[in-house]
Amino acid sequence: MTCGACAMKVEKSLNTLGGVRATVNFATETARITVEDGVTTEQLVAQVEKAGYGARLVADTTPEMLDKETNERVAMLRTRLMVSLIAGVPVTALSMIPALHFSNWKWWALALSLPVVVWGAAPFHRAALMNARHRATTMDTLISIGIIAAMGWSVWALVWGNAAEDHSGMSMTSSEIDHIYMEVAVAVTIFLLAGRYFEARAKRRAGDALRSLLALGARTATVLRDGDEVLIDAAAVQVGDLIVVRPGEIIAADGVVREGSS
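Numbering (the working numbering) for the sequence shown: 6 to 267.
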């Protein structure tokens, strides 16, 4: 999911199932679902996939899987951002600074812009196409349309219009010249890629901090089973278990003190 509209779309899709009440959190990319008898997890996952997204149970997700997915996304965005910067900065400079103009500079700008708006902006185009197939729109739809419109007009103006001509010695008004907007398409792509990259990196750091905090918690718990003390994994503590906590130990779960003092 890339924006709040994506979360709303998934939530709406899940709630169309009978006996399902779902709330989707975009920030954590999770869904809290209450179901009635007869609704299976396979149906829920299939409904999310029908909306154009992927899903899996929290129980089937490990920290290692999340780390791998996050690192891959950060690396992908970083690569696209760096390539777009290398190719896009010269385009912006040529378009904005007349002193840098040279013969056929617009064609060079076009050649440098194409990798940015096609490959660099591919995540936006891919998401927009996926949403279009499901008759939905998100922020990626707006981004993709804006980039394609600016680049498409620029290509038309260069190939079929008069933008490629040298107008320095002509007595033409600005309205008679076909202007190009390749720097707009490039700048929008770079700006949004940078935003997505820093967002993904911030989420990774937040996840690392949260896991470090959770690591301070109890890893094991001593519970009473049939009058005997049994040492189990803290994650295996169940509702109704009676936990034995000795002075100085970390409490493994929330609960009510039944007896004892320290």
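Yeah, the Cβ is synthetic: ideal placement off N, Cα and C, and Gly gets one too.
Being a predicted model, the structure only gives us computed values, none of them experimental.
Check	Outcome
For Val25, three-class secondary structure by DSSP	strand
Ranges of the beta strand (DSSP E) found wholly within the region 7 to 95, counting only runs of at least 3	25 to 30, 35 to 40
Helix, strand or coil at Asp213 according to DSSP, with G and I counted as helix	helix
Those residues which DSSP pairs with Asp259 across a bridge	Asp259 pairs with nothing; no bridge assigned.
Separation of Met187 from Arg168, as counted between CA atoms	The identity of residue 168 in the sequence shown is Ala, whereas the question assumes Arg. So the alpha carbons of these two residues sit roughly 12 Å apart.
Where Arg224 falls: helix, strand or coil (DSSP)	coil
Contact the region 203 to 222 vs the region 116 to 136: 3+ CB pairs below 8 Å	no
Within the region 107 to 147, ranges of the beta strand (DSSP E) (whole runs, at least 3 residues)	none
Residue from Leu229, Glu264, Glu54, Leu163 whose Cα sits closest to the Cα of His139	Glu54
Status (buried if at least 16 other CB within 10 Å, exposed otherwise) for Trp158	buried
Asp231: first and last residue of the uninterrupted beta strand (DSSP E) it sits in	Segment: none, Asp231 is in no beta strand (DSSP E) and carries neither H nor E.
Chain-order list of residues whose beta-carbon lies under 6 Å from that of Ser18 (same chain, five-residue window excluded)	Gln52, Ala56
Buried versus exposed call for Phe196 [16 or more other C-beta atoms within 10 Å across all chains shown]	exposed
Beta-carbon proximity check, Ala12 vs Val29, cutoff 8 Å	yes
Closest by C-alpha distance to Gly59, when choosing among Thr45, Ala36, Ala137, Lys73	Ala36
Alpha carbon of Phe129 to alpha carbon of Ala199, nearest angstrom	13 Å
For Asn153, the residue or residues it bridges with in DSSP	Strictly speaking, residue 153 in this sequence is Ile, with Asn absent from that position. Answer by DSSP bridge pairing: none, since Ile153 is not bridged.
For Thr146, the nearest candidate out of Met156, Ala155, Val160, Arg131 (CA to CA)	Arg131
Length of the line joining the Cα atoms of Glu254 and Met70	31 Å
Cutoff 6 Å; reference Gly174; Cβ partners in own chain excluding five residues on either side	Confidence in Gly174 is poor, its pLDDT being 46 and thus under 50, which makes the residue's placement unreliable; the coordinate value appears in the next sentence. Closer than 6 Å at the Cβ level, and outside the excluded window around Gly174, lies no residue.
Cβ-Cβ separation, Glu234 to Thr225 (assumed contact under 8 Å), whole Å	Actually they do not touch by this definition, with Cβ atoms about 12 Å apart.
Other residues of its chain near Leu82: CB distance less than 7 Å, five sequence neighbours each side excluded	Leu198, Arg201, Tyr202, Ala205
In DSSP terms, what Leu236 is bridged to	Thr227
Identity of the residues DSSP links to Val249 by a beta bridge	Thr227
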